[in-house]
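In the working numbering, the protein residues as written are 87 to 639. C-beta atoms are modelled at their ideal positions from N, C-alpha and C, and glycine is treated no differently. For reference, the structure discussed in these notes is given below.
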Amino acid sequence: MTSGTITRRSFIAAASTGFVAAASPRGSAASNLLIRSPATVTLGARGATLSGLRAAVQDIASAGGGALHINVSSVVIDTVDLWRNGPVDLPASTTIEGNGATLSFTGLGIAHPLFVGRDVSAIALRNLVAKGNNKARIGADTGGFARFELTSTAVGNMDDITIENLQISGFAGERWVQFLQRSPAGTMSGLRVIDVKAWGGSSLSPGAIAVSAAPIWFYGVDGAIDDVAVRRVSIDAMALKQGVVLFHRIANATLDAVSVANAGVAGARDDSGAYAIMAYADPGEMYGISIISPVIRGPRSCGIYLRGADDVRIRNPVIAGQTDKVADNLPKGAIAMNGCSGVTIEGGRLSDNAFDLSVADGGRPRLKLGVRDLTTAASRTSVILALSPGKGAVTGVSFAGCTLSGADRVFRIMNDEVRGRCYNDVAITGSTLHSATAANVIELTQGTPTAATGYRIEDVTVQANFTGIMASGLLGSLAIHRVTIEGLGRLDYGIVADDCPKLDWEDVTFRNMRSGYAFAARSLTRQARGTLRKLRFEGVANPSIRGSLKALD
87 MTSGTITRRS
97 FIAAASTGFV
107 AAASPRGSAA
117 SNLLIRSPAT
127 VTLGARGATL
137 SGLRAAVQDI
147 ASAGGGALHI
157 NVSSVVIDTV
167 DLWRNGPVDL
177 PASTTIEGNG
187 ATLSFTGLGI
197 AHPLFVGRDV
207 SAIALRNLVA
217 KGNNKARIGA
227 DTGGFARFEL
237 TSTAVGNMDD
247 ITIENLQISG
257 FAGERWVQFL
267 QRSPAGTMSG
277 LRVIDVKAWG
287 GSSLSPGAIA
297 VSAAPIWFYG
307 VDGAIDDVAV
317 RRVSIDAMAL
327 KQGVVLFHRI
337 ANATLDAVSV
347 ANAGVAGARD
357 DSGAYAIMAY
367 ADPGEMYGIS
377 IISPVIRGPR
387 SCGIYLRGAD
397 DVRIRNPVIA
407 GQTDKVADNL
417 PKGAIAMNGC
427 SGVTIEGGRL
437 SDNAFDLSVA
447 DGGRPRLKLG
457 VRDLTTAASR
467 TSVILALSPG
477 KGAVTGVSFA
487 GCTLSGADRV
497 FRIMNDEVRG
507 RCYNDVAITG
517 STLHSATAAN
527 VIELTQGTPT
537 AATGYRIEDV
547 TVQANFTGIM
557 ASGLLGSLAI
567 HRVTIEGLGR
577 LDYGIVADDC
587 PKLDWEDVTF
597 RNMRSGYAFA
607 ARSLTRQARG
617 TLRKLRFEGV
627 ANPSIRGSLK
637 ALD
């Protein structure tokens with residue numbers, strides 16, 4: 087990514103200086119300040135330096151709020167001064183209007199963020215270019231651009247914080263722009279990050295999963311963050327680990343038109359947390375997350391990683407080029423989930439990935455995963471549902487109207503991975519699943535028998551070269567209705583359902599299988615039972631292997 091050219095004319099018009107007292111409508115730590123006339127301050131006379139910025143913002147603080155217009159093209163930020171004398175502390179009701187000015191961090195200082203807002207509301211940083219000095223140390227306090235924090239001692243709320251039209255590059259901190267909520271008593275809300283471009287910089291510890299490197303970070307440390315919007319954000323994260331991070335205790339967040347390229351390609355190692363977008367929480371802490379039209383190219387570990395989040399909607403994702411196959415610590419995939427509930431994926435295309443969609447239940451029994459109108463192509467594995475240590479079944483998986491393909495596996499549920507655990511109530515409807523190379527296109531269980539039940543495959547076309555549907559040892563119900571199994575040249579088996587006692591097949595067509603067997607439904611170690619109706623064979627030499635259940639006309 088290149089930095090692009092910014093002119094003063096290209097910027098959004100300066101924000102109005104209309105002023106409300108330091109308190110937000112919901113109250114804040116500064117709510118008892120007297121209402122005074124807002125200040126309009128220009129930087130020029132105070133000097134295009136860090137000390138000039140401090141003096142100008144102090145004038146705004148003295149007036150009880152206002153707007154600082156940076157009327158110079160460049161401001162020098164001495165990082166040694168920034169480290170020794172601290173950041174620019176933003177008072178409530180302050181707008182920094184950059185007018186396209188460049189803030190250049192100079193020197194070798196490992197410094198604080200330039201702008202810090204603590205326990206204040208109504209802050210806006212607009213129309214700025216920030217160029218870091220690529221220096222930081224591990225931790226959240228150095229090497230960034232801005233930090234907004236509701237402190238642990240705050241008794242009120244913190245509202246209405248906006249970052250708009252920012253170009254930021256060359257920082258090395260774990261969090262370039264961060265929002266921290268440390269107050270159990272208050273709420274941080276109304277946080278906006280709009281029209282931001284970020285690139286360059288570096289990662290402090292590429293192999294350490296606990297050390298981040300992200301331009302945008304929201305963190306509910308000990309209290310709630312509500313009402314977050316990240317819109318039209320573009321990040322080249324080649325040298326970093328993440329793009330946008332939602333971390334613990336966040337509700338009602340929208341990420342709209344976020345573009346992240348190459349997350350962790352150079353800034354991380356496999357299995358070390360290289361996620362373009364991450365929403366991470368303990369189960370029940372995070373809910374109401376919408377990720378709309380993300381475009382993610384070349385992420386190392388995940389395009390979107392969800393952990394512990396509830397009520398998540400992903401709409402029209404385009405994710406390609408995910409590469410990490412090492413799953414020792416965390417799931418990997420274009421989209422990966424762990425311990426979530428109530429996730430819907432609508433539309434979009436996932437392609438050229440090691441894994442398209444990777445799910446682990448995280449020990450939570452109610453998955454409620456709904457996928458509709460998703461297309462996957464040219465990936466190694468398309469969909470894989472794994473199980474975490476725990477007890478009982480995981481319920482609720484639905485794929486409808488999807489077109490799925492993969493080289494090694496297209497749709498696999500690992501029901502025998504954890505003894506005594508399985509997925510129940512799984513539906514694949516109105517979809518096409520294709521692979522010329524996978525051993526099994528749909529693999530519902532393999533190895534030891536499992537009590538999984540409530541499986542429905544309806545109005546589906548399966549195109550395969552080896553086995554279309556493998557469900558050996560599935561002890562619960564398996565309904566296959568209005569399904570076509572189509573060979574792609576040579577097909578060993580259309581459907582294998584040995585040792586399955588609750589089969590319900592109707593209106594199934596087996597086509598172009600040559601010397602393969604249409605189905606196997608035998609009693610090998612357990613009694614096979616069920617009803618097989620209206621099975622049709624077109625270009626099939628062997629309708630069933632010896633010992634299978636008989637099909638009814």
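In the DSSP assignment, R622 falls within the unbroken beta strand (DSSP E) covering 616-630. With respect to A178, A208 sits close: the two C-beta atoms are nearer than 8 Å. DSSP places Q144 in the uninterrupted alpha helix (DSSP H) bounded by 136-149. Taking every protein chain shown into account, the CB of G151 has 16 or more other CB atoms within 10 angstroms, so this residue is buried.
Buried is the label assigned to K217, since at least 16 other Cβ atoms lie within 10 Å of its Cβ. Inter-residue distance for G293 and W262 is about 20 Å (C-alpha atoms, whole angstroms).
Assignment of beta-bridge partners to A300 by DSSP yields R261. Within the model, the alpha-carbon separation for R576 versus F623 is close to 15 Å. R170 carries a helical assignment under DSSP once its states are collapsed to helix, strand and coil. Within the DSSP secondary-structure output, Q549 pairs in a beta bridge with H520, E572. If you ignore the 5 residues before and after D397, its C-beta comes within less than 6 Å of the C-beta of Y373, G374, G428, all in its own chain and listed in chain order. The beta carbon of A463 sits closer than 6 Å to those of S437, S491, all from its chain and outside the five residues before and after it, given in chain order. The Cβ atoms of L589 and A607 sit closer than 8 Å to each other.
Distance check between G138 and each of P124, A149, D164 places D164 closest, using alpha-carbon atoms only. Contact between T536 and G559 is confirmed by a C-beta separation of about 6 Å, below the 8 Å threshold. In chain order, A222, T228, G229, G230 place their CB closer than 7 Å to the CB of G259, counting only its own chain and leaving out the 5 sequence neighbours on each side.
Inclusion of A299 and T248 in the CB contact set at 8 Å is not warranted, their separation being larger than that value. V480 counts as buried, since no fewer than 16 other beta carbons sit within 10 angstroms of its beta carbon. Taking the Cβ atoms as the reference, G482 lies roughly 19 Å from D459, outside the contact range of under 8 Å.
When only Cα atoms are considered, R355 and V527 end up about 31 Å apart. Counting along the chain, D494 sits inside no beta strand (DSSP E), nor does DSSP assign it H or E at all.
Remark: C-beta atoms of V174 and V143 approach each other more closely than 8 Å. With a cutoff of 8 Å on beta-carbon distance, Q267 and G306 are scored as near each other. Comparing C-alpha distances from H198 to each of A360, A153, N220, G184 shows the shortest one belongs to N220. Taking the Cβ atoms as the reference, D410 lies roughly 5 Å from R386, within the contact range of under 8 Å.
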